[in-house]
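Colleague:
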Amino acid sequence: MKSKLQHPVYSVLLAIIILIMVGYAFDKYNSVHPIEYVVSTVEGFDKTPSGTFKRAWRIVKNSHLDGTLNHQDWGRWKKRYTNQIKNNEDLRIATDTMLASLDDPFTRFLPKDDFDEQHRNIDSKLQGIGVHISEIDGKIVIVSVIEDTPAEKYGLKNKDEILKVDLTLTKGVPLKEVADLIRGKKGSYVTLTILRENKELVKKIKREEIKIKTVKHKMLDNNIAYIKIVSFISADTSNEFTKALLELKNASGLIVDVRGNYGGLLSNAILISDIFLDKGNIVSIVDRKGKRTNYYAEKGSIFSGTPMVVLVDEASASASEIFSGAMQDNKRAILVGDKTFGKGLVQMITELPNGSGINLTVAKYLTPSGR
């Protein structure tokens, strides 16, 4: 079956890195690189914790890639938990236990806060000040300041230790809670007490909406263009990439760097691949019934002839592997670096009646050569 982007339900998910961004939070699983939302209504479904569990149970039963559901009687979970779930904590425990039985680390339940966080991820629009923070030796430390954000404007720097957020001391406070304290509505203020070179400083910072850029670019020596795709997660990644290419259109060669890129939206991988290909298969998606959908390049790519190298490493996964695989298998680019992660699975996101959600493995992908 030929297709371009007819199936918006598919995307690529990998959950590996630990990162907290003020204005938005990543954790070990919460982070990464979902996903295109399934356009589906939750109206008319039972929004109680028990009703939400039953909806989750049915979605997995009908859609998970493994039609055997890890060779088990799926009905037992419904019998076991339906009448036992009284609140959202019961819902979380029951759903996590049920999903764990699939032996699929990429299928997971997201409580409402995490589901909303994931949504902000894809929008790449945050309301906060624009720093990445981490816990280092028990201290909350700024590890990077995002360009053109309030944090940069008000003079925050890498390695600043955050002692207080407004009146709350950060010592002993979990990292995510500190991030929650710092972020807030556009136009509101937050006061940070920081320690820099043994000197305490107080910064009152106005929060703004922050657009997170997922593509960086520059011109190197010898008229070689360099483009770094940080992530494929943003709905704007393909547009950012196209704009960067247009600024570098007179380059005699191109380096595209997807090292450390854990993946993101399938649509971004396909659209960016298509920029460089006049013909050929980009990726094939195979569902639980073995039905194969091929996504092909369209004619007329303006960058189809520019010499190109793609940089990869062991952390290049999911959408990064789709892009680099399409370039390699179509002999469009030379890959340089280490063996990539090798995930090969596709996730679907769907919202549940109470505002929580599920990231569900629904298919596998193959590069043009069948890898």
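Okay, so the sequence shown: first residue is 966 according to the numbering used here, each after it adds one.
Even for Gly, the Cβ is constructed at its ideal location relative to N, Cα and C.
None of the values given here were measured: they were computed from a predicted structure.
Would you give the residue range spanned by the alpha helix (DSSP H) that Ala-1021 belongs to?
Modeller: Position 56 of the sequence shown, counting from 1, holds the residue named residue 1021. 1014-1028 is the extent of the alpha helix (DSSP H) around Ala-1021.
Colleague: Looking only at C-alpha atoms, which of Ser-1285, Ser-1238, Ile-1050 sits nearest to Leu-1276?
Modeller: Within the sequence shown, the letter at position 311 stands for residue 1276. Considering only alpha carbons, the answer is Ser-1285.
Colleague: Less than 8 Å between C-beta atoms, sequence neighbours within five positions excluded: which residues of the same chain meet that for Thr-1133?
Modeller: Indexing the sequence shown from 1 puts residue 1133 at position 168. Result list for Thr-1133: Leu-1146, in chain order.
Colleague: State the Cα-Cα distance for the pair Val-1155 and Lys-1169, rounded to the nearest angstrom.
Modeller: Your numbering for residue 1155 matches position 190 in the sequence shown. Your numbering for residue 1169 matches position 204 in the sequence shown. Cα to Cα, Val-1155 sits roughly 6 Å from Lys-1169.
Colleague: If contact is defined by three or more beta carbon pairs under 8 Å, each pair taking one atom from either stretch, is the stretch 1257-1266 in contact with the stretch 1299-1310?
Modeller: No, the stretch 1299-1310 does not touch the stretch 1257-1266.
Colleague: If we ignore side chains and look at the alpha-carbon of each, how far apart do Ala-1234 and Ala-1200 end up?
Modeller: In the sequence shown, residue 1234 corresponds to position 269, counting from 1. In the sequence shown, residue 1200 corresponds to position 235, counting from 1. The alpha-carbon atoms of Ala-1234 and Ala-1200 are separated by roughly 11 Å.
Colleague: Considering Val-1143, what are the terminal residues of the beta strand (DSSP E) in which it resides?
Modeller: Position 178 of the sequence shown holds residue 1143. Careful: Val-1143 lies outside any beta strand (DSSP E), inside the alpha helix (DSSP H) at 1140-1147.
Colleague: Looking only at DSSP bridge pairs, what is Tyr-1046 linked to?
Modeller: Residue 1046 sits at position 81 when you count from the first residue of the sequence shown. Beta-bridge pairing links Tyr-1046 to no other residue.
Colleague: Could you compute how far the alpha carbon of Pro-1070 sits from the alpha carbon of Ile-1240?
Modeller: To locate residue 1070, count along the sequence shown from 1; it is residue 105. To locate residue 1240, count along the sequence shown from 1; it is residue 275. Each residue's alpha carbon lies about 33 Å from the other.
Colleague: Our contact map puts Lys-1244 next to Lys-1264 with C-beta atoms below 8 Å; I'd like the distance itself, whole angstroms only.
Modeller: Your numbering for residue 1244 matches position 279 in the sequence shown. Your numbering for residue 1264 matches position 299 in the sequence shown. Indeed they touch by this definition, with Cβ atoms about 7 Å apart.
Colleague: By the three-class DSSP mapping on this structure, what secondary structure does Ala-1290 have?
Modeller: Sequence index remark: in the sequence shown, residue 1290 carries index 325 (1-based). Here residue 1290 turns out to be Gly, not Ala, going by the sequence shown. If DSSP states are grouped into helix, strand and coil, Gly-1290 belongs with the helices.
Colleague: Only counting the same chain, and skipping five residues up and downstream in sequence, which positions put a Cβ closer than 6 Å to that of Phe-1206?
Modeller: Numbered from 1 along the sequence shown, position 241 holds the residue referred to as residue 1206. These residues qualify, in order along the chain: Val-1180, Ile-1237.
Colleague: Quick one: measure Cβ to Cβ for Ser-1066 and Asn-1035, integer angstroms, because I've assumed they're closer than 8 Å.
Modeller: Position 101 of the sequence shown, counted from the start, is the residue given in the question as residue 1066. Position 70 of the sequence shown, counted from the start, is the residue given in the question as residue 1035. The pair is a contact, with the Cβ atoms about 6 Å apart (cut-off 8 Å).
Colleague: Per the contact definition of three or more C-beta pairs closer than 8 Å, is the stretch 1308-1320 in contact with the stretch 1211-1224?
Modeller: Too few Cβ pairs lie closer than 8 Å, so no.
Colleague: Please classify Val-1143 as buried or exposed, where buried requires at least 16 neighbouring CB atoms within 10 angstroms.
Modeller: Stepping through the sequence shown from its first residue, residue 1143 is reached at position 178. Under this definition Val-1143 is a buried residue.
Colleague: How should Ile-1299 be labelled, buried or exposed, when 16 other C-beta atoms within 10 angstroms of its C-beta is the threshold for buried?
Modeller: Position 334 of the sequence shown, counting from 1, holds the residue named residue 1299. Looking at its Cβ environment, which holds fewer than 16 other Cβ atoms inside 10 Å, Ile-1299 is exposed.
Colleague: Do you know how far the Cα of Gly-1137 is from the Cα of Leu-1331?
Modeller: Start at 1 with the first residue of the sequence shown, and residue 1331 comes out as number 366. Start at 1 with the first residue of the sequence shown, and residue 1137 comes out as number 172. Whole-angstrom Cα-Cα distance: 46 Å.
Colleague: Of the choices Tyr-1046, Phe-1080, Lys-1043, whose alpha-carbon is the least far from that of Asn-1324?
Modeller: For the purposes of this step, residue 1324 is taken as the residue at position 359 of the sequence shown. For Asn-1324, the nearest C-alpha among the options comes from Phe-1080.
Colleague: Am I right that Ala-1059 and Leu-1317 are in contact with their C-beta atoms under 8 Å? What's the rounded C-beta distance?
Modeller: Against the sequence shown, residue 1059 aligns to sequence position 94. Against the sequence shown, residue 1317 aligns to sequence position 352. About 13 Å; that fails the 8 Å criterion.
Colleague: For Gly-1149, which residues of its own chain have a beta-carbon under 8 Å away from its beta-carbon, when the five flanking residues on both sides are left out?
Modeller: To locate residue 1149, count along the sequence shown from 1; it is residue 184. Correct list, in chain order: Gln-1092, Gly-1093, Val-1155, Arg-1172.
Colleague: Note down the Cα distance separating Ile-1250 from Asn-1053, rounded to an integer number of angstroms.
Modeller: Along the sequence shown, read from residue 1 onward, the residue named residue 1250 stands at position 285. Along the sequence shown, read from residue 1 onward, the residue named residue 1053 stands at position 88. The alpha-carbon atoms of Ile-1250 and Asn-1053 are separated by roughly 35 Å.
Colleague: To test your reading of the DSSP string, which unbroken beta strand (DSSP E) runs of 3 or more residues are found completely within the stretch 1093-1128?
Modeller: Complete beta strand (DSSP E) runs here, min 3: 1096-1101, 1104-1110.
Colleague: Should Ile-1101 go down as buried or exposed, given a rule of 16 or more other Cβ atoms within 10 Å for buried?
Modeller: One-based indexing of the sequence shown puts residue 1101 at position 136. Per the 10 Å Cβ criterion, exposed.
Colleague: If you compare alpha carbons, which of Lys-1051, Asp-1031, Lys-1026 is closest to Arg-1041?
Modeller: Numbered from 1 along the sequence shown, position 76 holds the residue referred to as residue 1041. Measuring from the Cα of Arg-1041, the nearest candidate turns out to be Lys-1026.
Colleague: Here's the rule I'm using: 16 or more other beta-carbon atoms within 10 Å means buried, otherwise exposed. How should Ser-1196 be labelled?
Modeller: Here the question's residue 1196 lines up with position 231 in the sequence shown. Its Cβ being crowded by 16 or more others within 10 Å, Ser-1196 is buried.
Colleague: Straight-line CA distance for Ser-1099 to Lys-1254?
Modeller: The residue given as residue 1099 occupies position 134 in the sequence shown. The residue given as residue 1254 occupies position 289 in the sequence shown. The straight-line gap from Cα to Cα measures roughly 43 Å.
Colleague: Scan the stretch 1253-1324 and note each continuous alpha helix (DSSP H) run of 4 residues or more that stays entirely inside, going in chain order.
Modeller: With a minimum length of 4 residues, the continuous alpha helix (DSSP H) runs that stay inside the stretch 1253-1324 are 1284-1294.
Colleague: Going by DSSP, what residues sit across from Lys-1214 in a beta bridge?
Modeller: The residue given as residue 1214 occupies position 249 in the sequence shown. According to DSSP, Lys-1214 bridges with nothing at all.
Colleague: DSSP on Arg-1336, reduced to helix/strand/coil?
Modeller: As a first step, residue 1336 must be located in the sequence shown, where it is residue number 371. Three-state DSSP puts Arg-1336 in coil, outside helix and strand.
Colleague: Suppose the cutoff is 6 Å on Cβ atoms and the five residues either side in sequence are ignored; what does the same chain contact list for Thr-1271 look like?
Modeller: Walking along the sequence shown from the start, residue 1271 turns up at place 306. Counting only Cβ-Cβ distances below 6 Å, and skipping sequence neighbours, we find Leu-1219.
Colleague: Helix, strand or coil for Asn-1053, going by three-state DSSP, please let me know.
Modeller: As a working note, residue 1053 is residue 88 in the sequence shown. The answer is helix: DSSP assigns Asn-1053 an H, G or I state.
Colleague: Suppose you measure from the CA of Glu-1117 to the CA of Lys-1012; what does that come to, to the nearest Å?
Modeller: If you number the sequence shown from 1, residue 1117 lands on position 152. If you number the sequence shown from 1, residue 1012 lands on position 47. Cα to Cα, Glu-1117 sits roughly 43 Å from Lys-1012.
Colleague: My understanding is that Phe-1018 touches Ile-1050, with C-beta atoms under 8 Å, so please give their C-beta distance in whole angstroms.
Modeller: Translated into the one-based positions of the sequence shown, residue 1018 becomes position 53. Translated into the one-based positions of the sequence shown, residue 1050 becomes position 85. Right, their Cβ atoms sit about 5 Å apart.
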